[in-house]
Amino acid sequence: METKKYYHEFETIVGDILTHSEFQKLKKIEHHGNGLYEHSVSVGYYSYRVAKILGLDYESVARGATLHDFFTESWQNQKKDSKGIKRIKEMHGFSHPKTALVNAEKYFDIDERQADMIVKHMFPLTPIPPMHVGGWVVTAVDKCVATKELIFENTRPIKRLKSFILKAS
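With UniProt numbering as the guide, the letters of the sequence shown map in order to residues 1 to 169.
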């Protein structure tokens, strides 16, 4: 019963994001062996729960965390022609936080703390750490969710076989 309460509260806080047509495009993008939409919602939900436990502004954290990977084009097959430092800066791990921030600011009213959560969630890959505790929560939760997706979800034999069969057809 308690969990249902949290789900409802989370949906109330981020419902406009989850149903927005641009955010819905994330459902078509694979990410860590799963969908980007599912990844973003998971990071949003667990960040919200941690922020609530810590007594932080859980509404702001929920919104910033849900928007942390708000890029609407698949990056896996994009060809990069740059060299050196420019090539590194264009790599997805370094560039997608800025893209997510641009999209978040374009479609939603986000505050300074949410912007910081979005643009710095890849720390330490991106060199500047989050300025607020909420940003650290999002950074840590993103890594936990991604690890779970990569190790546990993506290694299930039946799921991998199903994926292989779908790609072969």
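Think of the CB as a built atom: it goes at the ideal place given N, C-alpha and C, for glycine as much as any other residue. From a predicted model like this one, the values you see are computed outputs, not experimental measurements.
- The C-beta of residue 122 has 16 or more other C-beta atoms within 10 Å across all chains shown, which makes the residue buried.
- When secondary structure is reduced to three states using DSSP, residue 15 falls in the helix class.
- Taking a cut-off of 8 Å on C-beta distances, the segment 119-136 does not touch the segment 21-30, as fewer than three cross pairs fall below it.
- When secondary structure is reduced to three states using DSSP, residue 35 falls in the strand class.
- Nearest in C-alpha terms to residue 3, of all of 45, 99 and 19, is 45.
- Burial state of residue 10 is buried, judged by a 10 Å Cβ sphere holding 16 or more other Cβ atoms.
- Rounded to the nearest whole angstrom, the CA to CA distance from residue 6 to residue 38 is 17 Å.
- Here the alpha carbon of residue 18 sits roughly 18 Å from the alpha carbon of residue 115.
- Going by DSSP, residue 126 is part of no alpha helix (DSSP H) at all; its letter is neither H nor E.
- In this structure, the CA atom of residue 147 is about 18 Å from the CA atom of residue 96.
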